[in-house]
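Written out below as structure tokens is the structure these notes cover.
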Amino acid sequence: MGFLWFAIISVMLTGYVILDGFDIGVGALHLFLGRTDDERRKMIRSIGPVWDGNEVWLLATGGVLYFVFPQLYASSFSGFYLPLMMVLWLLMLRAIGLEFRTHIDHGIWASFFDGIFSIGSLLLAVFYGAALGNVVRGLPLGPDHYFFLPLWTNWNVGSHPGVLDWYTVLSGVVALVALCMHGANYLVVKTDGELNERARKTSLVLTPILLVLTLISLFATLSIHPNLLANYKALPIGFAIPVLVFASLVGVWVFQKSRQEVLAFVSGALYLAFMLVGAVYSLYPVILPALDPQYNLTIENSITSSYALQVGLRWWIVGIVIALGYFVFLYRMFRGKVTLEDGGYGD
Amino acid sequence: MDSAVLIHRLHFAFTVTFHYLFPQLTMGLAPLVVALETIGLWKDNDRYRQAARFWAKIFGISFVFGVVTGIPMEFQFGTNWSHFSKFAGGVIGQTLAMEGTFAFFLESAFLGLFLFGEKRLSKIAHWWTGVAVFFGSWLSGYFIVATDAWMQHPVAYRTAADGSLTLTSFWGLLLNPWALWQYAHNMAGAAVTGAFAMAALGAYYLLCEEHKEYGKIFVRVGVISGILFSLLVIGPTGDGQGRNLANYQPAALAAMEAHFDTKAADLVILGQPNVENKTIDNPLVVPHLLSFLVNRDWKAEVRGLNAFPESDWPTNIALLYYAYHIMVGLGTIFMAVMLICGIQLLRKKLFETRWLLWILMLSAPLPYIANTAGWMTAELGRQPYLIYGVMRTIDGFSKSVSAANVWFTLLGFMGMYTLIAILFLFLVHREIAHGPDHLEVAVAAPVLSGNAIAGRRN
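Protein chains in written order, with the numbering used here: chain A, 1 to 347; chain B, 348 to 805.
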């Protein structure tokens, strides 16, 4: 039961990263890819009807995490107090930028809200990457299972870490480049004309950069955490994961070259998924690693009662069927390339 | 009081108060949209259907703001109240997670269908999507109220080996007797907000002689539902909630009424509680009415605060007393205003009675105040406990997060929510200025780019 819920939460989180990932990526690229007002409006329209639904996966994942692993929820959310609050503000700023941008069609204000939207998205991508980096690096959990991280200390990975150090900043940069690539791939699918071509070129430039960054972060991870490979050594099939990570990244490049737009996007999504699977694979059964391993939060010491898990599974299945139905319906309505006419989204 | 716990409380109070401005309007409008749609279908009247669409758009805007401000609420259980979350997450995590998983998708999907599926759906099917939106928004309200109700009156749990609480009965949690009355009372209160919003906009249109036909519809439907719901708020739901208090939180009830000595109790209409001397200054009372309301007996004793150890007294008696009296006072005013409007409506004179239309229009903010005061009553009355009788508030906050950090984020939220409030007013103002007539034009540009399926024409 514990493993099942661990898997469910991992899948939900991966779903969130892939879905919200592309609209955050589009946001981060917004100022750089959209050269004219029309292009920027197209970019916003490409994510307009879906971004808030994508975001709700964060809410749903958080809720499930809360009732399945109350201790994990309590420890990690209070420990990451400052960065989480900033993530909330960035999510809101992004929404404010998007909405005002859509409704105030007036030169200087449009530019202002373009900036809010884009910078908000960009920082969000960095924060998410840094957050994942923090979890992989390990946290100063004490015997009471709590910790508190300042935003930064001395930028070193050590016994007194901050949210930001060289390793987590590196993770943040990887996440930013990855989500920009993901967003560019999405734009290629959803737009045509010059914007489509520019997004495609962006993806082709970012993919090799991401490949190098992924390699660097892999070695950086191994250097700060030599025993991270324990699970891989115990069950060597895991070594397929890094292979798949790089294969999917190469896939993005190949498919963009041959103009297979949808396949390129799917390939990019798989890259994100495999990166997360790789991290989860190395951590299991730890769900929040401590710098001192005896204080690790594991599935076993954080999970709620089996009765709650059983009834939870029943309503969760109903809920997820509704949610998936909603998403199928939404993306079907919204298929095809975006246009600026008629408020419609093309057909 | 320890300053860290106070600032953690302020943080939650500020963000939840702001958040609840939006769901109370959506939950309140939901039954009214269904009513408009039903009349439109029944009488085959396009104007009513158009009115339903118009309010569904206002609903949609408010809904998205509810989602955006709702995410911090869920987060704060972990960030600011981690010891409580660790202790009780195994129980209330259940209802919170259900809200997160069900509510948005259900509501969003059907709202999209309702707003933009009209040409593809039969009229009956379209009506059903409206009913589903209603159902979805009221369902998410239930999960949240059930969560709060468990903190007010914990049931269906046991203590596990590690000292934390675990769930023993799913249906016990969902059918908590406290939750049933609290939910009914809360939803009636939200519906009053919706009714006043609709009537106020109708009055505005009539007074400035714009969209007058719609103005009449809004005033008529708003007033009729306003009568219904402002009566329901008082009895049986308000009465039921009061008896919950008398049964399970007698100290809170005594503090709400500033009733210090155990004796037959008067109902205080006006007056300031003097906690130092344990009296009421400048009292205006109805003799023995509280005894009757609680026990259905004019002479019955009601336990006063002195009957409880001071350590179990609510921590801010004055604020609790005022919140409660503001709620009750406004509730009485709502009933009076709506009944007078109802009489004028029966006499077919309401649309020409300008002074009454002015009152209706200016009343729009009052139900927000009453609902907020009601929630303050519930949560201040629960003090000094976080989970009534089980965990004290002082034991539940995040001890690892310092007061200064919480100040920092509270100030941040204040700034952020100022922006959000401006955006909301701007968007609603646009819809009001457009008016229901020009909806087809408005449909062409998305209400909100983020609104599900918004802007799509079939």
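Built from N, CA and C at the ideal position, the CB exists for glycine as well.
Rounded Cβ spacing between residue i and residue j (contact assumed at less than 8 Å)
i: Val177(A); j: Ile209(A); result: 6 Å
i: Val163(A); j: Leu149(A); result: 5 Å
i: Ser429(B); j: Phe77(A); result: 6 Å
i: Val338(A); j: Ser46(A); result: 5 Å
i: Leu521(B); j: Ala546(B); result: Leu521(B) to Ala546(B), Cβ: 34 Å. No contact.
i: Ala538(B); j: Thr584(B); result: Contact doesn't hold; Cβ gap of about 11 Å is too wide.
i: Asn621(B); j: Asp628(B); result: 5 Å
i: Leu575(B); j: Gly562(B); result: Going by Cβ atoms, the distance from Leu575(B) to Gly562(B) rounds to 21 Å, so no, they are not a contact pair.
i: Leu91(A); j: Leu124(A); result: 7 Å
Residue i: contacting residues in chain A (beta-carbon distance under 8 Å)
i: Glu421(B); result: Leu59, Gly62, Gly63 and Tyr66
i: Leu770(B); result: Ile96, Glu99 and Phe100
i: Ile673(B); result: Within 8 Å Cβ-Cβ: nothing; Ile673(B) doesn't reach chain A, min ~30 Å.
i: Met445(B); result: Gly63, Trp315 and Gly319
i: Gln499(B); result: Simply none; closest approach about 19 Å.
i: Gly437(B); result: Phe67, Pro70, Thr304, Ser305 and Ala308
i: Ala456(B); result: Ile322, Gly325, Tyr326, Phe329 and Leu330
DSSP three-state assignment for residue i, whether helix, strand or coil
i: Asn624(B); result: coil
i: Gly797(B); result: With a pLDDT of only 41 at Gly797(B), under the threshold of 50, the placement of this residue in the model should not be trusted, and no figure is reported.
i: Gln730(B); result: coil
i: Gly2(A); result: helix
i: Val414(B); result: helix
i: Val64(A); result: helix
i: Gln619(B); result: strand
i: Tyr504(B); result: strand
i: Arg289(B); result: What the structure shows of chain B is the stretch from 348 to 805, and residue 289(B) is not part of that stretch, so it cannot be assessed.
i: Trp152(A); result: strand
i: Arg739(B); result: strand
i: Ala131(A); result: helix
i: Val649(B); result: strand
i: Leu640(B); result: helix
i: Asn185(A); result: helix
i: Thr207(A); result: helix
i: Asn427(B); result: coil
i: Asn752(B); result: helix
i: Ile405(B); result: helix
i: Thr513(B); result: strand
i: Leu527(B); result: helix
Contacts of residue i in chain A (Cβ-Cβ under 7 Å)
i: Leu766(B); result: Ile96
i: His781(B); result: Here the premise fails: no neighbours, minimum Cβ distance about 12 Å.
i: Asn752(B); result: Tyr81 and Leu82
i: Met763(B); result: Trp89 and Met92
i: Thr756(B); result: Met85
i: Leu514(B); result: Ser305, Tyr307 and Ala308
CA nearest to the CA of residue i, picked from the options
i: Asn523(B); options: Ser350(B), Tyr489(B) and Tyr551(B); result: Tyr489(B)
i: Pro140(A); options: Val157(A), Ala290(A), Ala308(A) and Asn296(A); result: Ala290(A)
i: Pro293(A); options: Thr221(A), Phe239(A), Pro143(A) and Leu170(A); result: Pro143(A)
i: Asp23(A); options: Val318(A), Leu98(A) and Leu82(A); result: Leu98(A)
i: Ser302(A); options: Trp57(A), Tyr73(A), Val50(A) and Leu58(A); result: Tyr73(A)
i: Phe461(B); options: Ala472(B), Glu657(B) and Tyr561(B); result: Ala472(B)
i: Ala234(A); options: Leu276(A), Arg200(A), Leu283(A) and Tyr271(A); result: Leu283(A)
i: Ser487(B); options: Thr740(B), Phe755(B), Ala377(B) and Thr724(B); result: Ala377(B)
i: His145(A); options: Leu340(A), Leu288(A) and Phe334(A); result: Leu288(A)
i: Gly34(A); options: Gly115(A), Gly158(A) and Pro70(A); result: Gly115(A)
i: Ala220(A); options: Phe112(A), Ile322(A), Phe147(A) and Val157(A); result: Val157(A)
i: Tyr367(B); options: Gly440(B), Leu637(B) and Ile418(B); result: Ile418(B)
i: Leu453(B); options: Gly319(A), Asp165(A), Tyr271(A) and Pro285(A); result: Gly319(A)
i: Gly27(A); options: Gly15(A), Trp315(A), Tyr16(A) and Arg41(A); result: Arg41(A)
i: Tyr530(B); options: Thr609(B), Arg567(B) and Val580(B); result: Val580(B)
i: Tyr295(A); options: Ser75(A), Leu58(A), Glu55(A) and Ala264(A); result: Ser75(A)
Beta-carbon neighbours of residue i, restricted to chain A and to distances below 9 Å
i: Ile418(B); result: Glu55, Val56, Leu58, Leu59, Gly62, Leu88, Leu91 and Met92
i: Ser511(B); result: Pro70, Gln71 and Thr304
i: Lys466(B); result: Result: empty, since nearest Cβ-Cβ is about 13 Å, beyond 9 Å.
i: Phe481(B); result: The premise fails here: Phe481(B) is roughly 16 Å from chain A at the closest Cβ pair, so nothing lies under 9 Å.
Where residue i meets chain B, residues with beta-carbon distance less than 7 Å
i: Ser78(A); result: Gly425, Thr426, Ser429, Ser745, Ser747 and Val748
i: Val311(A); result: Phe517
Residues that residue i contacts on chain B, provided the C-beta gap is smaller than 9 Å
i: His30(A); result: Here the premise fails: no neighbours, minimum Cβ distance about 13 Å.
i: Ala290(A); result: Those within 9 Å of Ala290(A) in chain B number zero; the least Cβ separation is about 14 Å.
Closer than 8 Å at the beta carbon, the chain B residues around residue i
i: Ser75(A); result: Ser429 and Lys433
request  = Could I get the ranges of all uninterrupted beta strand (DSSP E) runs contained in the region 266–342 of chain A, with 3 residues as the minimum, in chain order?
outcome  = 286–288
ask   = Counting only runs that start and end within the region 677–706 of chain B, where is the alpha helix (DSSP H) found for 4 or more residues in a row?
value = none
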